[in-house]
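A quick write-up on the structure given underneath.
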Amino acid sequence: MQIVVFSAKPYDRQFLDAANAAAGSPHRITYLEARLSPETAPLAAGAQAVCAFVNDQADAAVLEQFARGGVKILALRSAGFNNVDLVAAQRLGITVARVPAYSPESVAEHTVAMMLSLNRRIHRAYHRVREGNFALDGLLGFDMFGRTAGIIGTGRIGLAVARILAGFGCRLLAYDPYPAAEGAALGLEYVGVEDLLARSDIITLHCPLTPATHHLIDAAAIARMRRGAMLVNTSRGAIVDTRAVIAGLKSGAIGLLGLDVYEEEGDLFFEDLSGQMLQDDIFARLLTFPNVLVTAHQAFFTHEALTAIAETTIGNISAFAETGRALHAVSTEKLA
Ligand code: NAI
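Just so it is clear: in the sequence shown, position 137 is 137 by the UniProt record's numbering, and no numbers are missing.
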């Protein structure tokens, strides 16, 4: 098949080319740096497959252009699919495929790296020591051992986080409408979300972005949290109401905040904007807090994860070319 890849970075090319070659080079791949939008969608005309990433917007206008241009499959190189209008895709006969599982450990390990960095102020200590400041004031942390961590969403990534935190000796609370069978063996105590917020020293988000989870962490949720608790979000930005979180940081309700995702990250992340003026005042305010650590959606960014993403993406497209069905098609039932 002819595949057009949007938002393509050098590492996407490296791993997708390798996966295509390993499969016997069945596909011709064109790489575009452009993000997918109604303006760039016509660039896919003539291709049967489009490959997109988390900040590519596959709304109805984009999908209609795809359908007119002959695109049959949209292969996401992500697990999340909140950026795709699945109803429009179904109406237009475009199969949407994704990579449901690619090294959940990649995201889980980054999540715990953020927890440890925030807790022990590694992000501040790094700069201090380089400037000859060896004072410890302001760097006081806490033992993870014995602390209570609340995991919201115990799917693949949430459970991987639970396994690591169990190793630290954390007490584990969990909230998920569909509790995991292996939860008990890991020592997870399933509770209601309000109970989890009230009892956790560390709250970590691993649920998908859906209408039910949009702004799950809002002003009311923050008011229920233990004062000074740590909040980490490596899931999807809009699960957290950023304005409410800024208010929580200012009041001290939130003691430490780690974000790998941000509501409006589409205009920022994955690009080098260091020579430009930051236009997003809310994001700029977040960066002023010493107790906030932001990474630019890099939790998935490991060798193992990129290999798995590329192999599954090529596998999805190859299966679709051969049988008319992707290996991991997203159905509209997932909307629920
Ligand atoms: P998964 O599908 O294995 O698990 C998601 C879990 O969330 C399920 O157990 C589900 O029952 C639960 N859930 C659904 N609605 C919920 C709600 N209202 N409250 C609490 N839990 C709820 O997904 P996986 O692989 O664990 O990924 C989780 C999320 O992590 C993805 O949806 C994606 O948005 C994000 N992600 C972020 C990455 C990054 O680089 N920062 C990379 C990969 C995924």
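From the three backbone atoms N, C-alpha and C, an ideal C-beta is built for every residue, glycine too.
Here the structure is a predicted model, which means the values were calculated and not measured.
Out of the options, which has the shortest C-alpha to C-alpha gap to residue i?
i: GLY80; options: GLY155, LEU140, ARG227, ALA166; result: GLY155
i: ARG296; options: PRO290, ALA305, PHE283; result: Contrary to the premise, residue 296 reads as Ala rather than Arg in this sequence. Measuring from the Cα of ALA296, the nearest candidate turns out to be PHE283.
i: LEU165; options: PRO177, GLY146, ALA181, GLY153; result: GLY146
i: ASP204; options: ASP137, THR288, MET114; result: Residue identity check: residue 204 is Thr in the sequence provided, not Asp. Out of ASP137, THR288, MET114, MET114 has the C-alpha closest to the C-alpha of THR204.
i: ALA244; options: ALA23, ALA219, PHE15; result: ALA219
i: PHE168; options: ALA21, THR210, LEU116; result: LEU116
i: ALA212; options: VAL4, ILE239, ALA180; result: ILE239
i: GLY252; options: VAL99, VAL292, ARG128; result: VAL292
i: HIS328; options: PHE270, ASP143, PRO100; result: PRO100
If you check the beta carbons only, do residue i and residue j fall under 8 Å apart?
i: ALA308; j: ALA18; result: no
i: ASN119; j: MET230; result: yes
i: ARG285; j: ILE246; result: yes
i: ALA44; j: ILE73; result: no
i: GLU189; j: ALA174; result: yes
i: VAL261; j: HIS206; result: no
i: PHE15; j: ALA52; result: no
i: THR30; j: PHE320; result: no
i: VAL112; j: ALA299; result: no
For residue i, which residues from the same chain have a beta carbon less than 7 Å from its beta carbon, with the 5 sequence-adjacent residues on both sides left out?
i: GLY266; result: ASN55
i: ILE317; result: MET1, ILE3, HIS27, ALA49, ILE73, ALA75
i: LEU92; result: LEU63, GLU64, ALA67
Which same chain residues end up closer than 6 Å to residue i when comparing Cβ atoms and leaving out the 5 residues on each side of it in sequence?
i: SER37; result: GLN57
i: ASP12; result: none
i: TYR171; result: The question names Tyr, but residue 171 in the sequence shown is Arg. Cβ within range, chain order: THR148.
i: THR242; result: GLU263, ILE282
Which term fits residue i, buried or exposed, when burial requires 16 or more other beta carbons within 10 angstroms of its beta carbon?
i: ARG77; result: buried
i: SER331; result: exposed
i: THR288; result: exposed
i: residue 337; result: Here the chain comprises residues numbered 1 to 336, so residue 337 is not present and cannot be evaluated.
i: PHE269; result: buried
Using a Cβ-Cβ cutoff of less than 8 Å, which residues in the same chain neighbour residue i once the five nearest sequence positions on both sides are dropped?
i: PRO42; result: GLN65, GLY69
Meets three-Cβ-pair contact criterion under 8 Å: the region 226-240 and the region 254-261: yes
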